[in-house]
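Sequences listed follow chains V and G, in order. Take 1 as the starting number for the first sequence in the numbering used here and just add one per residue. Take 381 as the starting number for the second sequence in the numbering used here and just add one per residue.
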Amino acid sequence: MIINSRFFNRSELMGFIALAAVLFVILPLTLDVFRLNLVAKYLTYAFVALGLVLCWGYGGILSLGQGVFFGLGGYCMAMFLKLEASSVENTKIQSTPGIPDFMDWNQITSLPLFWQPFHSLTFTILAIILVPGLFALIIGTAMFKRRVGGTYFAIITQAVAAILTILIVGQQGYTGGINGMTDLRTLKGWDIRPDHAKVILYFVEVVLLFACIGIAQFIRLTKLGRILVAMREQEDRVRFSGYSVANFKIFAFCMAAIFAAIGGAMFALNVGFMSPSFVGIVPSIEMVIYTAVGGRMSIFGAIWGAILVNFAKTSLSESFPQLWLFGLGALFIAVVLAFPNGLSGLWADYVQPRIDRLFASRKSKAGWKDNSVADGAPAE
Amino acid sequence: MFGDYSIGDLGSIFVMQGFAGLILFSVYVLMALGLAIIFGQMGVINMAHGEFMILGAYVTWMTSNLFQTYLPSLFSGYFFLAMILAFVASGALGMLVEWVLIRHLYKRPLDTLLATWGLSLMLQQAYRSVFGAREVGVELPQWMLGSLHVTESIEVPINGVFVMCLTVLITIAVAYVMYRSRWGRQVRAVVQNRIMAGAVGINTEKVDRYTFGLGCGIAGVAGSAFTMIGSTGPTSGQLYIVDTFLVVVFGGAASLLGTIASAFSISQTQSTLEFFLSGSMAKVLTLLAVVGILMLRPQGLFALKVRK
């Protein structure tokens with residue numbers, strides 16, 4: 001594998017190879033399709049966690065509304081899939097054939113106007129990126145231009161998550177209500193439900209995830225990433241140096257929103273439904289927790305955090321449903337109090353030095369030079 | 381939406397919905413008072429505030445059960461004891477939480493949010509294990525049932541009037557404690573400059589602990605009031621936490637008057653809209669209006685002019 005050594009430093013390269021090996025080779029070979037599909041579900045949250053690394057870890061903007069963007073992306077995808085599943089032949093028994101079943105149940109007799117463009121896949125893909133992106137742009141511009149940040153921003157994004165959930169649940173006829181959009185079947189005639197389709201979708205998702213990792217890493221290494229870190233540490237100084245702090249914040253927030261939306265769209269494809277229970281306050285905060293557990297400063301750490309916390313959630317809530325909430329709560333408190341840099345911080349403190357020593361003793365003879373980029377952050 | 385009603389009807393509707401809104405207003409004010417102290421004064425984002433409120437509600441429920449079983453003759457007065465117990469229980473838990481958790485996090489306000497969220501999850505699960513997942517309701521004493529007939533078309537529930545009076549009393553007490561007492565002065569000194577306050581001899585750790593306890597205790601009283609308008613379940617508190625934060629932020633975090641004004645406007649808007657629209661749309665419109673206004677005026681309604 002040829003990778004520009006400036007793009008990933010050595011430890012990041014190891015993290016990259018490890019993640020690629022696990023996701024591309026080990027998991028598909030060892031897990032059955034059901035479990036692999038579960039991993040695909042966990043990975044949709046990894047997109048969100050990746051966005052939060054940029055926005056929260058680097059930019060210092062804690063958004064408690066990532067579920068909104070996850071949901072917008074997911075609903076855009078689900079609307080397309082639902083329309084395709086509600087073709088006239090499939091919905092013959094309804095009083096109005098050709099519209100989604102929940103509309104029929106709610107006495108709606110024609111497809112609402114905002115649903116019309118979702119007949120087109122091209123429009124849907126654009127919408128998955130643009131709708132959350134624009135929404136984030138509006139919120140971000142309104143907030144950051146007026147220098148609202150920190151806790152206020154967190155609370156307002158949380159309110160937005162609450163509003164969107166209530167709206168989706170309340171407008172049953174247009175959104176499917178609390179049950180969401182279920183019974184999604186085909187993508188352009190290709191059935192997404194059988195096992196081989198699940199495997200293909202898993203690989204599509206992993207490739208997309210690595211593309212997003214590439215983008216995030218690129219942002220981190222450019223001047224933009226440095227300014228984000230500087231802004232987090234000394235906002236006023238960056239402002240007095242002549243940078244428009246608000247614009248950088250808006251950019252980071254929009255990127256996080258777009259990543260979350262891609263995750264949401266993949267969720268609709270992989271899991272086969274979308275519901276408001278992935279939009280509201282609780283899921284939004286859980287997404288922040290994945291990032292915190294994995295390490296808010298580490299791109300790879302956050303992805304591992306999303307996978308591991310979700311894995312723990314599934315296995316614990318399967319066997320000890322009572323313990324799960326206690327465990328999750330204790331995990332939050334422990335991460336915040338004891339390991340603010342999460343798993344990647346632990347890795348950087350305890351495992352990395354040993355590996356470095358191992359390499360150093362071997363490489364010192366060959367005159368090896370580390371051209372890693374120091375960014376003041378513990379990277380996995 | 382007004383077309384179907386005569387002017388007289390509309391007047392009655394506004395008054396009655398307004399009064400229904402006043403009960404919501406009371407719960408909001410009590411919740412927000414505690415949060416205004418914890419968030420506005422101390423800068424701690426207490427996501428577990430709703431769970432402290434629910435603790436108060438459960439204490440009230442247990443007290444009412446105790447009175448029903450052992451002291452049925454005194455049942456009509458149980459509420460006063462329940463309130464005090466709710467205050468003490470929530471306040472004590474708050475002080476414990478401050479000692480274990482919050483005092484390590486004063487320099488990292490965003491992290492208090494995550495830690496207290498974790499705490500709220502654990503409390504919810506604890507309530508579920510102890511009290512069961514089903515919602516419980518409190519039986520009101522006889523004198524609180526029924527309503528006052530003001531005019532032919534307007535009637536006002538007595539428990540609402542009672543909760544209102546209670547809220548007013550507690551608000552006055554809190555305002556007195558915060559702005560007139562020696563202890564309140566210490567709290568404000570610690571908030572403004574923790575190091576200097578320590579240097580002039582204020583025991584900042586103790587002040588922090590009691591301040592946090594006071595905020596949580598008021599949430600407990602809010603829980604007592606809450607039992608009158610809704611049933612209590614392990615996750616009921618979570619439903620109110622976002623609204624309460626919005627109330628505090630909308631009012632201007634450090635301003636007591638702002639908190640009251642914003643609780644009033646939010647609860648009245650919501651309850652008036654609820655009559656004409658569905659409950660969910662009323663809530664959406666209210667929250668949207670609040671978020672919209674906050675985007676235009678991020679410092680809230682009543683901002684204190686503070687030099688940063």
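Glycine is no exception: its CB is placed at the ideal position from the N, C-alpha and C atoms.
Per DSSP, reduced to three states, the secondary structure at T222 of chain V is coil, with no helix or strand assignment.
Put simply, of V:F253, V:L31 and V:G176 the residue whose alpha carbon is nearest the alpha carbon of L54 of chain V is V:F253. Under the three-state reduction of DSSP output, V536 of chain G falls in the strand class. If only complete runs of 4 or more residues are kept, the segment 446-533 of chain G shows the alpha helix (DSSP H) at 458-480 and 489-511, in order along the chain. L137 of chain V sits in a helix when the DSSP states are folded into three classes. Per DSSP, W115 of chain V has no beta bridge partner at all.
Relative to I418 of chain G, the option among G:I598, G:L435, G:F405 and G:I393 whose CA is nearest is G:I598.
Distances from the CA of V557 of chain G to each of G:V536, G:T591 and G:E585 were compared; the closest alpha carbon is that of G:T591.
Taken atom to atom, the span from the alpha-carbon of F34 of chain V to that of F70 of chain V is near 23 Å. The segment 208-216 of chain V and the segment 107-121 of chain V do not touch, with fewer than 3 CB-CB distances between them shorter than 8 Å. In this structure, the CA atom of I178 of chain V is about 20 Å from the CA atom of G613 of chain G.
Put simply, the CB of M661 of chain G is near chain V, with a gap under 8 Å to one of its CB atoms. In the DSSP assignment, R147 of chain V falls outside any alpha helix (DSSP H) and carries neither an H nor an E.
Out of V:A348, V:D349 and V:N310, the CA that lies nearest to the CA of L331 of chain V is found in V:N310. In the DSSP assignment, Y45 of chain V falls within the unbroken alpha helix (DSSP H) covering V33 to L52.
When CB distances to chain V are screened at a threshold of 8 Å, not a single residue of the segment 566-598 of chain G falls below it. The criterion of a C-beta distance shorter than 8 Å is not satisfied by G457 of chain G and G617 of chain G.
Neighbourhood of V664 of chain G in chain V, by CB distance below 8 Å: I163, I166, L167 and G170, in chain order. The alpha helix (DSSP H) runs of length 4 or more contained entirely in the segment 277-354 of chain V are, from start to end of the chain, 281-294, 299-319, 321-337 and 342-346. In the DSSP assignment, D191 of chain V forms a beta bridge with V:T186. DSSP places M422 of chain G in the coil class of the three-state scheme, outside both helix and strand. Three or more beta-carbon pairs separated by less than 8 Å are not found between the segment 354-362 of chain V and the segment 321-336 of chain V, which leaves the two stretches without contact. Contact with chain G is found for T151 of chain V, since one of that chain's Cβ atoms lies less than 8 Å from the residue's Cβ. Judged by DSSP secondary structure, A261 of chain V falls within the alpha helix (DSSP H) whose first and last residues are V245 to V271.
Under the three-state reduction of DSSP output, M427 of chain G falls in the coil class, being neither helix nor strand. Counted as a single uninterrupted DSSP element, the alpha helix (DSSP H) harbouring S11 of chain V occupies residues R10 to A20.
Under DSSP, T612 of chain G shares a beta bridge with G:V516. Between V567 of chain G and V580 of chain G the beta-carbon gap is near 14 Å, outside 8 Å, which marks them as no contact. The beta-bridge partner set that DSSP reports for M181 of chain V consists of V:M274.
Closer than 8 Å to the CB of Q66 of chain V there is not a single CB belonging to chain G. With contacts defined as CB atoms closer than 8 Å, M502 of chain G and G329 of chain V qualify as a contacting pair. For L64 of chain V, the three-state secondary structure derived from DSSP is coil. Rounded to the nearest angstrom, the gap between the Cα atoms of I425 of chain G and W190 of chain V is 48 Å.
When DSSP states are grouped into helix, strand and coil, F7 of chain V belongs to the coil group. Here DSSP, grouped into helix, strand and coil, assigns F399 of chain G to helix.
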